[in-house]
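To start, the structure under review is shown below, and the notes come after it.
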Amino acid sequence: MNTSHPRLGLLGFGEAARRLARDFTQAGFTGILAYSRSGARAQPGDPLHQRARAAGVTLVKTVGTLAKKSDIIIVLTPGKSALPALKKIRKYLRPDHLYVDASSNSASNMEKAAALIGNAAKFVDASIMGPVDLMGIKVPFAASGPHAAAFRDLMTPYGMVINVVGVNPGDASAMKLIRSVLMKGLAGLLLETMEAARRRNILDEVIEDCSVTFNDIPFQKIIKRYVGGTAVHCERRIHEMKECLELLHEMGSSDRNTRNTIAMLRDMVKMGMPVKFTSEPDTIHPVIDALIAARDKA
Ligand SMILES: NC(=O)c1ccc[n+]([C@@H]2O[C@H](COP(=O)([O-])OP(=O)(O)OC[C@H]3O[C@@H](n4cnc5c(N)ncnc54)[C@H](OP(=O)(O)O)[C@@H]3O)[C@@H](O)[C@H]2O)c1
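Residue numbers (the numbering used here): 19 to 316.
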């Protein structure tokens with residue numbers, strides 16, 4: 019690998035690649051190359067060439083050229099195209115290539131990609147954790163696999179924000195998806211709560227009241243309190259949640275999340291949580307471990 023600054027190749031040249039390339043150029047990269055199928059077909063004068071030039075990028079006609087003239091290859095194709103693209107470029111990879119798959123993909127596809135590469139290059143599973151068009155090079159990446167730290171060390175001096183999150187390929191992509199369980203699920207809970215509040219004409223009051231709780235407590239403490247508290251008090255909370263459900267029914271409000279909460283509390287009782295945890299533990303680990311053990315045994 020070049021010791022001064024790495025030669026950068028982008029596999030895929032869409033919205034994310036264009037914005038990142040512009041910022042990489044500003045950060046001092048020169049001679050950035052990119053390959054996409056439409057880029058390979060584009061004739062001189064095609065707007066795609068103009069867009070590439072504006073971002074400091076030269077479009078190449080083959081993946082072989084991209085591989086030959088790059089030290090680090092960042093994959094920015096749609097998720098479903100990442101494995102087909104890898105199959106096409108694989109025979110041109112060198113053991114000193116850093117091959118960073120930044121497509122949105124499942125953990126199992128990242129594992130497949132890592133297995134397909136084997137020792138042909140250094141594979142990194144990299145998940146983009148925010149909007150590239152808004153954040154550019156500052157968009158946080160979660161990276162995993164044995165070469166994730168090398169990716170971080172190589173690219174943070176240019177302004178990238180790379181958080182190494184696991185030792186195995188797939189961990190970074192799993193983290194992005196698992197995070198969505200909370201973020202998207204929270205949106206569902208908020209919608210159900212706010213709908214009920216609006217039906218009762220106390221929407222602003224409920225927002226204000228809930229905000230006091232959430233604004234005042236650091237999120238790590240919220241996780242600890244809510245997970246630990248549920249293990250200890252799941253039995254009596256079933257009663258309270260049944261009353262919530264009744265109220266939602268009376269108002270004709272949506273109730274999917276509340277029914278789910280009752281089902282979750284019943285599960286926790288069946289798993290014997292109130293017997294195992296008579297007071298809130300210091301960390302959530304024993305609760306989560308007990309939950310996994312009970313679920314795996316069932
Ligand atoms: N944009 C964001 O803010 C953002 C945020 C988080 C994650 N991501 C992820 O980053 C990746 C890229 O996103 P994007 O928004 O830039 O997508 P995009 O605008 O759809 O661009 C995808 C690029 O990949 C190329 N491509 C498709 N199949 C290919 C193949 N087999 N070989 C080579 N190139 C191929 C496409 O061109 P051709 O079809 O002409 O080949 C196009 O240049 C996606 O996986 C996305 O989920 C993006």
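We put the beta carbon where it would ideally sit given N, CA and C, even for glycine.
Note that the structure is a prediction, hence the values are computed from the model and not measured.
If you measure from the beta carbon of N137 to each beta carbon in chain D, is any gap under 9 Å? The chain labelled as chain D is not found in the depicted structure, where only one protein chain is given.
Taking only three categories from DSSP, how would you classify N219? N219: coil per DSSP, three-state reduction.
Provide the residue(s) that pair with A161 in DSSP beta bridges, ordered along the chain. A144 and V182
Going straight from the alpha carbon of I220 to that of A205, what length do you get? 19 Å
Taking A45 as the reference, give the member of L195, M212 and T174 with the closest Cα. T174
Do you know how far the Cα of P187 is from the Cα of H165? 9 Å
Is A160 closer than 9 Å to M193 when the C-beta atoms are compared? yes
For L51, which beta-bridge partners are listed by DSSP? G27 and T76
Here's the rule: buried if 16 or more other CB atoms are within 10 angstroms of the residue's CB, otherwise exposed. What is L266? buried
How many Å lie between G332 and E223 at the Cα? Any answer about residue 332 is impossible in this case: the structure gives the chain only from 19 up to 316.
Starting from Y117, trace the beta strand (DSSP E) both ways and give me its first and last residue. L116 to D119
Any idea what DSSP makes of I280, helix, strand or coil? I280: helix per DSSP, three-state reduction.
Under 8 Å: does the beta carbon of Y117 sit that close to some heavy atom of ligand 1? Because no heavy atom of ligand 1 lies under 8 Å away, the Cβ of Y117 does not count as near it: no.
Just how far apart, CA to CA, sit A131 and E261? 50 Å
Using a Cβ-Cβ cut-off of 7 Å (strictly less than) and excluding sequence neighbours within five positions of A316, which residues of its own chain qualify? none
Figure out for me which residue from G57, H67, F295 and A120 has the closest Cα to the Cα of V81. G57
Leaving out five residues before and five after E258 in sequence, what residues of the same chain have Cβ atoms less than 6 Å from its Cβ? none
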